[in-house]
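Protein chains in written order, with this note's numbering: chain A, 66 to 531; chain B, 9 to 459. To keep things clear, I will list the structure first and then write my remarks on it.
Dropping the structure here:
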């Protein structure tokens, strides 16, 4: 689950009204002891599986950044006695969708199949997880594809701003390393490194699974053993220290000849298990949570026309928490835009939200949750996140109460706690209007994304924009 | 077909749009109100939510020359309030009930939608019916919004060399038809748009007889009909139906090539667009054959282009093909490839041509045909898992001249495609004279230029 998706999920999780026909989650435990959360839904003849292993790019060996991501890109590139073409062919013939990703804390994946191809699909997943081939030709192709993507990102202002933010905030820490690796580290990753990573991280103890769709618990149980049962019981993970983002008060300007400057801003956040998390979630919605009602949206976009998008997200990681926001503005007005954002965040930290804003935000965060439960893949992804966050199978029932419990005093106190620490800011472009003052506080837009699975360097020109 | 890319205004959370085709799963029904508004109902009772969309049958291709970007600019301005619901009343209501909203503009349509808890459908219809004719615009909201749109152009196009090339390719592909204009507009023309332009466009096109409402979710046909009559039914049709008779393409006789050079290009690529029939203009079976052809040539790691260029020859890092057929007048069939470091772009292009020529000369195999059909038909089932995907599919089809029955029959029409039809489609339409090839390169050095 990437951080941005997590942020969206947080939006969802922060407060769920239990839907009229509440989604019923069953805890299914296989004879072999493998647990999955199941939502049975027979209206559409398909099954969606989502899963994640704890241990993402933070488990990359020293100097081998990008290992987890390269492993993820190769898991569906040949397994067992099927080479990469035969594997792709077998999936294609049954219209089985399978993909894997790595983020900072996890290696995960998803499977989607028509019910009629259920057994074949689960078998293909078993092969991918338990018998990946890592054939040399496929390793080299995937490495070349990821290097191509890194070259492209090296001149993309959005990627530069984001990468520099993480590198600075977590300098010398695993979270400071790009998930996809760098042009320096990728060439050094060996096939043995890939196999070692796969063997160390893909285990049963650090695995979370969700299944949604046209399948019942009794059918699922033996399939869980079949797919995941051959994995080692325990992973061999390197301990990772808890860290906080650094560089607060700094602004880093990176020169790039583009008409529009890209700005990322962020600082320390609040852990998912912190009692203040829900308050933080709700107030961030008010400040910059992606609604046209948010203060940043109103001040930056609606009133001044400075940017097309501006938002702020809470991101929680296994070993840190942060807020990260972003915007993009005409080069000669980037300074003004940043100034508006800083003033808004400072004011919010000092005064917090109004009672009316808080009431509206609580209502939104509560009611909007149902919108995240309308497709099998979204539900499966959410259920894995709930397990990773250790929130309990009754979370849907608890969520509304935890939102209701946020008082105006909480909101004001947490606004101060969250937004009064100063921010690290990165600016890419020709920001003529940026003054060299120290910065107050704030976070960045979409951070890492799911790594491209087969690494297509370009897509068709007609992908939809939103 | 970047000219028909959808540009969404409010940057709110939006559901990902999945495969282009949905299935004949739910019992989709439609009706027409006395004022000409068509309403489509797609039941999906899995969650207590509803997706409400209105599609106006007007887009960037309907703009007056010199006013490019106007359809999209108006889409943004539609969020500025009405006499009855001033300012952000509508947006605030959506937020308060935990809903999401967004909008999009293409060459053939402009759409607005909300996803809300099911109980609020009628409320959404009332808001949307109100702003169909009740928009109020003042210069103090129009002027900042124009700046927002210019920043959107910066973000989507100006900052992105690949997007800039795509715009130039469309402009070169269409010799006469307005699909050659970018949906977001040409920047010098966007800069000159104003309130009067927007209101004139609005009065000319926004009317119930030029619109389609799509409701997907936890609803019944009868309740949607009653709610629609009580809300949209009260809006008088105020404009003549948009006939959308656009300047059409003359015979295309010369292949075109365009090169965009930018020092920021770190991964060169080559792409080509062919002018082909759309689902609306194609002869029976033709667009379906193009769907299959695109899949066999260019979808997934086992397609011909990827297998030949990336796996077997090892000259490219990526290669593929697509057919984006949902359009009123024309569609594009695209192929693309990105070379490995050290490989010349023209070698990748030659490789692509080799694959295309093989299909033109020898057709596809029965096995390829079966696999493509299986996958395309499965996509229709997968689409049923997402009510927004289904609503988008029906809305875009109907807004470009198709019918509910055509959408529902799509899986059957794919089943009926023959290998001969696919070869015939390749022969007829993969014609260089009706194409533009685009090269994305870091500089116009001699070894990288193309003529």
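Don't be surprised by glycine CBs; every beta carbon is placed ideally from N, CA and C.
message = With H, G and I counted as helix, E and B as strand and the rest as coil, what does DSSP make of residue 61 of chain B?
response = strand
query = When the Cα atoms are used, what is the spatial distance from residue 184 of chain B to residue 255 of chain B?
reply = Using only the alpha carbons, I get a separation of about 6 Å.
message = Against chain A, does residue 395 of chain B count as a neighbour if the rule is that its beta carbon must be under 9 Å from one of theirs?
response = yes
query = So with Cβ pairs under 9 Å, would you call residue 232 of chain A a contact of chain B?
reply = no
key: Beta-bridge pairing of residue 416 of chain A - partner residues as DSSP gives them   = Paired residue(s): none; residue 416 of chain A is not in a bridge.
query = For a contact meaning CB atoms closer than 7 Å, what does residue 163 of chain B contact in chain A?
reply = 325, 373, 393
message = Run through chain A and tell me which residues come within less than 7 Å of residue 367 of chain B, C-beta to C-beta.
response = Residues of chain A passing the Cβ test: none, with the nearest at roughly 18 Å.
ask   = Does the distance from the CB of residue 396 of chain B to the CB of residue 127 of chain B come in under 9 Å?
value = no
ask   = With 9 Å set as the bound, which would you pick, yes or no: does the beta-carbon of residue 459 of chain A sit closer than that to a beta-carbon of chain B?
value = No, residue 459 of chain A does not count as interfacial toward chain B.
inquiry  = Measuring only the C-alpha atoms, how far is residue 529 of chain A from residue 152 of chain A?
reply    = Interpretation of residue 529 of chain A is limited by its pLDDT of 28, a score under 50 that renders its predicted location unreliable; the figure taken from the coordinates is listed afterwards. In this structure, the straight-line span from the alpha carbon of residue 529 of chain A to that of residue 152 of chain A is close to 29 Å.
task = Spatial neighbours of residue 322 of chain B within its chain, please: CB distance less than 8 Å, with the 5 preceding and 5 following residues excluded, ordered by chain position.
result = Cβ-Cβ distances below 8 Å link residue 322 of chain B to 348 in the same chain, with the five nearest sequence neighbours on each side left out; the list follows chain order.
key: Selection from B:110, B:54, B:261, B:425 that minimises the alpha carbon distance to residue 293 of chain B   = B:425
ask   = By DSSP, does residue 259 of chain B sit in helix, in strand, or in coil?
value = coil
request  = In angstroms with no decimal places, state the Cα-to-Cα distance between residue 452 of chain A and residue 94 of chain A.
outcome  = 14 Å
ask   = Can you round the beta-carbon distance between residue 259 of chain A and residue 212 of chain A to whole angstroms, since I take them to be within the 8 Å contact cut?
value = Taking the Cβ atoms as the reference, residue 259 of chain A lies roughly 16 Å from residue 212 of chain A, outside the contact range of under 8 Å.
ask   = The alpha helix (DSSP H) with residue 278 of chain A in it runs from where to where?
value = That residue, residue 278 of chain A, is in no alpha helix (DSSP H); its beta strand (DSSP E) goes 272-278.
message = Please confirm whether residue 439 of chain B has its beta-carbon closer than 9 Å to some beta-carbon of chain A.
response = no
ask   = Any C-beta of chain B sitting closer than 9 Å to the C-beta of residue 282 of chain A?
value = no
key: residue 100 of chain A (DSSP reduced to helix, strand or coil)   = strand
ask   = At a Cβ cut of 8 Å, what residues of the segment 425-444 of chain A count as close to chain B, listed as they run along the chain?
value = 425, 428, 429, 430, 431, 432, 433, 434, 435, 436, 438, 439, 440, 441, 442
inquiry  = Excluding the 5 residues flanking residue 415 of chain B on each side, which residues of the same chain have their C-beta closer than 6 Å to its C-beta?
reply    = 402, 405
ask   = Is it right to say residue 147 of chain B is buried, meaning 16 or more other beta carbons lie within 10 angstroms of its own, or is it exposed?
value = exposed
query = residue 327 of chain B bridges to which residues according to DSSP?
reply = Listed as beta-bridge partners of residue 327 of chain B by DSSP are B:345.
task = Ignore the nearest five residues each way along the sequence and tell me which others in residue 356 of chain A's own chain have a CB closer than 8 Å to its CB.
result = Around residue 356 of chain A: 350, 362, 429.
message = Can you tell me whether residue 507 of chain A is helix, strand or coil according to DSSP?
response = At residue 507 of chain A, the pLDDT of 30 sits below 50, so the modelled position is not reliable and the matter cannot be decided from this model.
query = What is the residue span of the beta strand (DSSP E) that residue 325 of chain A lies within?
reply = 325-333
ask   = At what residue ranges does the segment 106-136 of chain B contain a whole run of the beta strand (DSSP E), taking only runs of 3 or more?
value = 108-113, 118-125
ask   = What are the start and end residues of the alpha helix (DSSP H) that includes residue 385 of chain B?
value = 374-391
ask   = By the criterion of Cβ-Cβ separation under 7 Å, what are the contact partners of residue 154 of chain A in chain B?
value = 310
key: Bridge partner(s) assigned by DSSP for residue 221 of chain B   = B:47, B:62
query = Can you name the residues of chain B whose CB is closer than 7 Å to the CB of residue 582 of chain A?
reply = Shown here, chain A extends from 66 to 531; a query on residue 582 of chain A therefore has no answer.
query = What residue range is occupied by the uninterrupted beta strand (DSSP E) comprising residue 449 of chain B?
reply = 443-449
Where residue 272 of chain B meets chain A, residues with beta-carbon distance less than 7 Å = 220
request  = Assess, as a yes-or-no matter, whether the segment 179-194 of chain B is touched by the segment 239-259 of chain B under the definition of 3 or more beta carbon pairs within less than 8 Å.
outcome  = yes
query = Can you pull the DSSP bridge partners for residue 116 of chain A?
reply = When beta bridges are read from the DSSP output, residue 116 of chain A appears opposite A:174, A:274.
query = Can you tell me the Cα-Cα spacing of residue 478 of chain A and residue 468 of chain A, whole angstroms?
reply = So the two alpha carbons sit approximately 16 Å from each other.
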